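In UniProt numbering, the protein residues as written are 1 to 388.
Idealized CB from N, CA, C, for every residue including glycine.
As the structure is a prediction and not an experimental result, all values here were calculated from the model.
Have a look at the structure below, then the notes.
Below is the structure:
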């Protein structure tokens with residue numbers, strides 16, 4: 001139901017963009033995603049109820065799914081390789097997903113084994129046990145919380161990677177070629193495990209977690225909300241997850257965490273860029289801080305109820321809530337939209353900020369220090385638009 005909700009709302013906005021808006025009113029990504037013809041009932045049901053994604057998703061754009069069904073998803077990407085030259089090696093045949101499917105199934109097996117081995121040894125509920133709180137030093141409580149959340153994540157790795165592998169096995173998910181000419185099958189991938197576990201910022205963690213949901217939130221809410229889009233996106237995410245109070249506590253906490261993380265990055269990070277050694281120290285500190293902040297934030301998401309969630313936060317004296325509020329007040333950061341408006345060309349030709357503003361409801365700070373070879377689905381849209 002959650003995935004179908006994403007698909008129906010995405011499709012509604014894509015039809016709205018394609019049938020009611022002029023081309024100049026759309027961003028490059030919206031132009032690619034726009035649906036210019038009303039889909040038939042069969043196309044609508046096929047997109048929403050196909051066997052590959054009916055249970056666990058992930059969501060995808062209608063145009064990507066249509067290209068896969070019509071057999072045209074490979075054609076634009078056969079024209080060029082990473083150097084802009086014709087790629088003869090893979091030009092004649094459809095690329096095989098066998099290696100990627102096997103790799104993802106191995107990841108599923110490892111994730112499932114880790115989760116089943118550790119989930120009962122490190123329950124999150126122990127963090128609110130009176131005996132544990134009274135007998136365990138605070139720093140060891142923090143370490144335990146991190147380990148408990150670390151043991152919890154593999155179940156998501158298992159489900160999302162398995163869903164990705166199922167789509168790849170059916171031939172859906174091809175996303176061009178790597179620099180060495182090997183095919184990429186990450187068009188609808190939902191996470192990047194190593195980037196999650198070694199994230200050095202709150203934003204970087206969420207950039208690589210539940211990627212397709214983050215893109216959905218960006219497209220249907222953040223880019224279209226005229227007032228306080230960050231808070232609106234967090235609240236939409238909470239409502240989409242369900243009615244448990246813990247979801248709302250998590251996403252409300254996420255708002256202040258986001259603001260504090262942005263303030264630290266904009267005001268403190270530049271002082272650590274003077275040398276590689278300083279940068280490494282900064283990365284280690286921010287990695288530890290990110291893992292603690294994420295673990296602290298998502299405890300209500302796991303506990304679900306109000307009572308246990310507040311019991312946990314009271315046992316920590318709401319320390320990160322207070323620290324984040326102090327950081328936001330002491331290190332204010334101007335709105336990215338306001339900064340863009342004040343710069344001579346700060347807004348793009350289409351009148352909107354550069355794509356990539358949001359990941360899972362978070363505003364990107366635009367100063368990424370480690371550009372990786374991973375491109376978001378939005379960037380893939382740009383590549384496909386150019387190729388076609």
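Which of helix, strand or coil DSSP assigns to residue i
i           : result
residue 273 : coil
residue 177 : strand
residue 187 : coil
residue 1   : coil
residue 228 : coil
residue 107 : helix
residue 24  : helix
residue 268 : coil
residue 138 : helix
residue 38  : coil
Euclidean distance between Cα positions of residue i and residue j
i           : j           : result
residue 235 : residue 307 : 21 angstroms
residue 290 : residue 143 : 13 angstroms
residue 43  : residue 300 : 39 angstroms
residue 46  : residue 55  : 14 angstroms
residue 149 : residue 208 : 16 angstroms
residue 48  : residue 7   : 6 angstroms
residue 224 : residue 137 : 47 angstroms
residue 244 : residue 305 : 7 angstroms
residue 215 : residue 199 : 19 angstroms
residue 65  : residue 93  : 20 angstroms
residue 286 : residue 319 : 17 angstroms
residue 211 : residue 317 : 32 angstroms
residue 116 : residue 151 : 9 angstroms
residue 195 : residue 14  : 30 angstroms
residue 129 : residue 106 : 36 angstroms
residue 135 : residue 312 : 15 angstroms
residue 160 : residue 220 : 22 angstroms
residue 380 : residue 302 : Confidence at residue 380 is low in this model, with a pLDDT of 48, below 50, so the placement of that residue is unreliable and no value is reported for it.
residue 309 : residue 268 : 31 angstroms
residue 218 : residue 16  : 16 angstroms
residue 325 : residue 252 : 13 angstroms
residue 277 : residue 283 : 10 angstroms
Identity of the residues DSSP links to residue i by a beta bridge
i           : result
residue 209 : 191
Test item: CB-CB of residue i and residue j under 8 angstroms
i           : j           : result
residue 50  : residue 101 : no
residue 127 : residue 145 : yes
residue 327 : residue 263 : yes
residue 68  : residue 171 : yes
residue 71  : residue 3   : no
residue 33  : residue 63  : yes
Contact with chain D by residue i, beta-carbon distance below 8 angstroms
i          : result
residue 32 : In the structure shown, chain D cannot be found, because there is only a single protein chain.
Practice item. Could you tell me whether the stretch 182–194 touches the stretch 162–174, using the rule of 3 or more Cβ pairs below 8 angstroms? Key: yes
Review point. So, do the stretch 93–111 and the stretch 171–189 have three or more beta carbon pairs nearer to each other than 8 angstroms?
Key: yes
Check your understanding: Can we say the stretch 5–19 touches the stretch 57–64, given the rule of at least three CB pairs closer than 8 angstroms?
Key -> yes
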